[in-house]
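Here is the structure we will look at, set down as structure tokens.
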Amino acid sequence: MKRSSSVPTVLLTLAALATGGCGYNQIQSMDERVNQAKGQIETQLQRRADLVPNLVETVKGVAKQESTVFISIADARARLSGAVQSGDVGQMAEANQALTQGLGRLLAIVENYPQL
């Protein structure tokens, strides 16, 4: 009788080991998917971090160009006001031309960078 009670115990132990191995493989495949997703997140974060300096330099360049345009427009407006007060037609024409050029550059910047 002792033999008959040990057979079910052995079969039960083998069944438990067999089903336990299946779960282990599933855990390993899920762990691999988690590691892949983590790698993709790290890649995107690194890409984003690498793009920030380029964005900063682009904005600095545009801001510098805008600053130059605003200064030239302000100078042209001041010269035009002075020329109008003095009544000198030659100075008025030159100041008007400078103002027109400055406004043209400003419009070009606005068209090129509408989001700024």
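Sequential numbering from 2 applies to the sequence shown in this note's numbering. We put the CB at the ideal spot given by N, CA and C, even for glycine.
(request) Please list, in chain order, all residues of the same chain as PHE71 whose beta carbon is under 8 Å from its beta carbon, the five residues on each side excluded. (result) LEU107
(message) What would DSSP say about TYR25, mapped onto helix, strand or coil?
(response) helix
(request) Measure the C-alpha to C-alpha separation of SER7 and LEU13 and round it to an integer number of angstroms. (result) 10 Å
(message) Please report the straight-line C-alpha distance between ALA50 and GLN41, rounded to a whole angstrom.
(response) 14 Å
(request) Quick one: using the 10 Å Cβ neighbour count with 16 as the cut-off for buried, is LEU81 buried or exposed? (result) buried
(message) Considering only the alpha carbon of each residue, which of ALA96, GLU58, GLN86, ASP89 lies closest to ASP76?
(response) ALA96
(request) May I have the straight-line CA-CA distance separating MET2 from LEU15, to the nearest angstrom? (result) Residue confidence for MET2 is low, a pLDDT of 45 falling below 50, so the modelled location carries little weight; the figure read from the coordinates is stated next. Distance between the alpha carbons of MET2 and LEU15 is about 21 Å.
(request) Can you grab the Cα-Cα spacing for the pair ASN36 / ARG48, in whole Å? (result) 18 Å
(message) Check for me: the alpha helix (DSSP H) holding GLY91 runs from which residue to which?
(response) 90 to 113
(request) With a cut-off of 8 Å on the beta carbons, I'd call GLU67 and ILE110 a contact; round off their distance for me. (result) 6 Å
(request) Report yes if the C-beta distance between TYR114 and VAL53 is below 8 Å; otherwise report no. (result) no
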